[in-house]
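>
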Amino acid sequence: MMYWRTGFTTACVLALVLVSACGTSGTGSTADFTESGSVAAFEQLPFVSNEQLGMFNYIHSISVTPPDAINSEDWGPDLPFGVAAGAGAPGGAVNMHRYTIAFTGYGVSMLAEHTPAYRERYLETMDGMIQKLLNPLVWEYWLRGDELGFDWGGDNPIHPYNIMYTAHLQLLMAFYERQAGDRKYIDNDVELTTADGSQTWTTNLADLSRDIHQQSLANKDTNGDNFYSVACETPWVFTCCNTIAQLAFAILPDSIDLDAAAANTRFVEWHGEHMLDPETKYYYQRYKPYEEVPEFDTNLPGAYSSWAHHFMHGFAPEFVEEHYPAFIDNAIEMVEPGAGIVSFGSNRNGEFEAPGLADMIGTGYAAVLTREMGDADSYALLRNGFDAVAGERIWVGSHYGYLNRSYWPVFMVFPNGFTLWAEATTAENNFRSVVEDPRGPEFYAQPFVAQVSNRDAFVNQAVWDDPVLYVTVNGADVTTETTDLVLRNLDENGAYRVYIGEEVYTDWTRSGTELTITTPALSSGLLKIRVVEAQ
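Residues are numbered in this note's numbering as their position in the sequence shown, beginning at 1, plus a constant of 48.
Here it is, written out as structure tokens:
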């Protein structure tokens, strides 16, 4: 297993090392606890900072609300297609909710990767986001094309077009399945029901993935040529929208039997040949396959190109790494010394008074990309440019981030979602690492922290490294209460010993495959716990 550091120092760590004894029972008084792990081992494990967890706490709080709770203060107003989001947004804006929900969800997914042995609250958040994506407020625009004066749309929101909605639904369900392993969205259909209740469509992760996969391989333009994509805003094809589904193909569980490599390879080859600008390494804005004569819109949007490179790196890393240096050099525009942005649309060569909301979108995508590529210098420029618009981060109770309501009266999730996504992404923890580290039954059978009773506790680390489970917890400046850590998937016949620091800790109970540790009072300092597996 590969471990990595995120650059945070662990002082006074709550370290939990869980060890199960083969063929022994009780506390293992005669068992061998020699392999005790070490507190020093925590320095080599992923660590999530309190600030990252505080930002996640805010996102969790607005995600676990009822599915119809998509308020403008947090998720943004209901902007229909054709309403401008700001200068530089080609073609005007779209209904933003699926984007604020989905892209924030991808940040949550990446943060969850840092604590693979503690997934409870991440799953609650992702499940809440999926339920919000099913709200007709998010997708019913597709049925209202004639009413709203669009030249596209349709009578079915999940087939055969609308990839800019269906792919996000697909990928969020795929990320949920990766964390849960419970087949919730494979074995059970989700329903899309219109606001008036007159129509309902159903799908699930398996059916939706197979449908998009089949279309991506079969679709042909009016010349009879394959373009290995699915139309977004009918009848247009955007590279970026299709990278969402292509990444989902690559991380689906083996039980959904489709050939991800076939779709990925043809997609990359076609878009690399037809949509990638050879000089700037931007992607062209769109392809119009169903015109009498198919045509390319060769505008070069910074936001869509950053998005495309980032997601494509998950399933075509060498291709992206080849073109990344030229792209990022062309994309970053300096606002002032030490601060840069990536325009939503074409590079404006600094010809703007000040960056706006639309520029934060391009900058946000590019910032995540630079993190994935390990490009610290470019990330620092974009971080400063983004923060120049987003403002300062503050603590509000257990929440942290851009939480000044006078500064963000609407769309508050917007700067926080992008920032969490970027800071959860590293050169070691990213879409590529997810694709290259699939999870199967053996992963979900490992010991893990199933519950943390104190919902204000901060879980900074949780990693199973056979035969050791490591967990770090603290109370920040939020809580001083104790917390119960409920561990599951233990060896029913095993022996366990728990330590705090170097001392044996006895405030824990055991019932079959479950063990519950009651910690001492939490504080802003990180506590240490260790448990040894008898050999």
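Glycine is no exception: its CB is placed at the ideal position from the N, C-alpha and C atoms.
Are the segment 290-308 and the segment 250-258 touching by the rule of at least three beta carbon pairs closer than 8 Å?
Segments in contact, yes.
> Does DSSP put A137 in a helix, a strand or coil?
In the sequence shown, counting from the first residue as 1, residue 137 sits at position 89. Its pLDDT being 33, under 50, A137 is placed unreliably in this model, and the value from its coordinates should be taken loosely. The answer is coil: DSSP assigns A137 none of H, G, I, E or B.
> Got a sec, what are the start and stop residues for the alpha helix (DSSP H) D407 sits in?
Counting from 1 along the sequence shown, the entry for residue 407 is found at position 359. L405 to E420 is the span of the alpha helix (DSSP H), which, as asked, contains D407.
> So, with DSSP's three-state summary, where would you put L570?
Locating residue 570 in the sequence shown gives position 522, where the first residue counts as 1. DSSP places L570 in coil when its eight states are reduced to three.
> Going by Cα to Cα distance, which pick from I577, G542 and G404 is closest to E562?
If you number the sequence shown from 1, residue 562 lands on position 514. If we check each option's Cα against that of E562, G542 comes out closest.
> Could you have a look at A93 and say whether DSSP puts it in helix, strand or coil?
Working through the sequence shown from its first residue, we reach residue 93 at position 45. One point to set straight first is that residue 93 is Leu, not Ala, in the sequence displayed. Correct three-state label for L93: coil.
> Comparing C-alpha positions only, which one of P385, G393 and A364 sits nearest to N378?
Reading the sequence shown from its first residue, position 330 is the one you call residue 378. The option with the nearest alpha carbon to N378 is G393.
> Quick one, which of S264, G102 and E370 has its alpha-carbon nearest H447's?
Sequence index remark: in the sequence shown, residue 447 carries index 399 (1-based). Considering only alpha carbons, the answer is G102.
> When DSSP labels each residue in this structure, what does F129 get in the three-state scheme?
For the purposes of this step, residue 129 is taken as the residue at position 81 of the sequence shown. Since pLDDT at F129 reaches only 46, below the 50 mark, its modelled position is unreliable, and no value is offered.
> In terms of alpha-carbon separation, which member of P114, G404, N271 and G433 lies closest to P36?
The structure shown has nothing for residue 36, since the chain only spans 49 to 583.
> Considering just the uninterrupted stretch of the beta strand (DSSP E) at N508, what are its terminal residues?
Residue numbering aside, residue 508 sits at position 460 when the sequence shown is read from its first letter. Segment F506 to D513, the beta strand (DSSP E) holding N508.
> Alpha carbon to alpha carbon, how far is Y332 from S354?
In the sequence shown, residue 332 corresponds to position 284, counting from 1. In the sequence shown, residue 354 corresponds to position 306, counting from 1. Taking the straight line joining both Cα atoms gives about 12 Å.
> I believe R192 touches L265 by the beta-carbon criterion, under 8 Å. Please report the beta-carbon distance rounded to the nearest angstrom.
Locating residue 192 in the sequence shown gives position 144, counting from the first residue. Locating residue 265 in the sequence shown gives position 217, counting from the first residue. Their Cβ separation, rounded to whole angstroms, is 30 Å, which puts R192 and L265 out of contact at 8 Å.
> Can you give me the Cβ contacts of R487 inside the same chain, cut-off strictly under 7 Å, excluding the 5 residues immediately before and after it?
The residue you call residue 487 lines up with position 439 of the sequence shown. So the qualifying residues of the chain are R226 and G229.
> Helix, strand or coil for M144? Go by DSSP, reduced to three states.
If you number the sequence shown from 1, residue 144 lands on position 96. In this structure, M144 counts as coil in the three-state DSSP scheme.
> Any chance the segment 155-174 sits against the segment 492-501, with 3 or more Cβ pairs inside 8 Å?
In short, these stretches touch, since the Cβ pair count reaches three.
> Is it buried or exposed for M382, if we count other Cβ within 10 angstroms and need 16 for buried?
On the sequence shown, position 334 is the one that residue 382 refers to. Exposed: under 16 other Cβ atoms inside 10 Å.
> To which residues of the same chain is S572 closer than 6 Å at the C-beta, ignoring the five residues directly before and after it?
Along the sequence shown, one-based indexing puts residue 572 at 524. Within the same chain, S572 has close Cβ partners A524 and D525.
> Unbroken beta strand (DSSP E) runs of length 3 or more, entirely within the segment 235-280: which are they?
Within the segment 235-280, the complete beta strand (DSSP E) runs of at least 3 residues are 238-241 and 248-251.
> Only counting the same chain, and skipping five residues up and downstream in sequence, which positions put a Cβ closer than 6 Å to that of N105?
The residue given as residue 105 occupies position 57 in the sequence shown. Closer than 6 Å at the Cβ level, and outside the excluded window around N105, lie S446 and H447.
> Grouping DSSP H, G and I as helix and E and B as strand, with all else coil, what is V579?
As a position in the sequence shown, residue 579 is number 531, starting the count at 1. Reduced to three states, the DSSP call for V579 is strand.
> From V96 to L159, what distance separates their C-alpha atoms?
Locating residue 96 in the sequence shown gives position 48, counting from the first residue. Locating residue 159 in the sequence shown gives position 111, counting from the first residue. Cα to Cα, the separation comes out at about 8 Å.
> Should T530 and T566 be called a contact, given that it needs their Cβ atoms to be closer than 8 Å?
As a position in the sequence shown, residue 530 is number 482, starting the count at 1. As a position in the sequence shown, residue 566 is number 518, starting the count at 1. Cβ atoms of T530 and T566: closer than 8 Å.
> For the candidate residues N98, E366 and F479, whose alpha-carbon lies nearest to that of V444?
In the sequence shown, residue 444 corresponds to position 396, counting from 1. The residue with the shortest Cα to Cα distance from V444 is N98.
> With which residues is F344 paired in a DSSP beta bridge?
Locating residue 344 in the sequence shown gives position 296, where the first residue counts as 1. Bridge partners of F344: Y335.
> For Y427, which residues of its own chain have a beta-carbon under 7 Å away from its beta-carbon, when the five flanking residues on both sides are left out?
The count along the sequence shown starts at 1 and reaches residue 427 at position 379. These residues qualify, in order along the chain: A415, T418 and R419.
> Beta-carbon within less than 6 Å of G560's beta-carbon, same chain only, minus the 5 sequence neighbours each way: which residues are those?
As a working note, residue 560 is residue 512 in the sequence shown. Answer for G560: E540, listed in chain order.
> Can you check which of these residues, T557, D345 and W456, is closest to R536 by C-alpha distance?
The count along the sequence shown starts at 1 and reaches residue 536 at position 488. Nearest option by C-alpha distance: T557.
> By the three-class DSSP mapping on this structure, what secondary structure does T520 have?
Within the sequence shown, numbered from 1, the residue matching residue 520 stands at position 472. In this structure, T520 counts as strand in the three-state DSSP scheme.
> Could you tell me the boundaries of the beta strand (DSSP E) in which I548 lies?
As a working note, residue 548 is residue 500 in the sequence shown. Per DSSP, I548 belongs to the beta strand (DSSP E) from Y544 to I548.
> Within this structure, are the beta carbons of L219 and L181 separated by less than 8 Å?
Taking the first residue of the sequence shown as 1, we reach residue 219 at position 171. Taking the first residue of the sequence shown as 1, we reach residue 181 at position 133. For L219 and L181, no; Cβs fall outside 8 Å.
> Are the CB atoms of G465 and I107 nearer to each other than 8 Å?
Position 417 of the sequence shown, counted from the first residue, corresponds to residue 465. Position 59 of the sequence shown, counted from the first residue, corresponds to residue 107. Their beta carbons are under 8 Å apart, which means G465 touches I107 by this criterion.
> With the cut-off set at 8 Å, would you say K232 and W284 are in Cβ contact?
On the sequence shown, position 184 is the one that residue 232 refers to. On the sequence shown, position 236 is the one that residue 284 refers to. Contact: no.
> Just checking my contact of W469 with G176 at CB under 8 Å: how many whole Å lie between their CB atoms?
Here the question's residue 469 lines up with position 421 in the sequence shown. Here the question's residue 176 lines up with position 128 in the sequence shown. Not a contact, Cβ separation roughly 17 Å.
> Which residue wins for smallest C-alpha separation from G272, given the options E121, R258, E340 and F462?
Position 224 of the sequence shown holds residue 272. It is E340.
> With a cut-off of 8 Å on the beta carbons, I'd call Y209 and R146 a contact; round off their distance for me.
As a first step, residue 209 is located in the sequence shown; it is residue number 161 there, counting from the start. As a first step, residue 146 is located in the sequence shown; it is residue number 98 there, counting from the start. Contact flag wrong, Cβ pair sits at about 14 Å.
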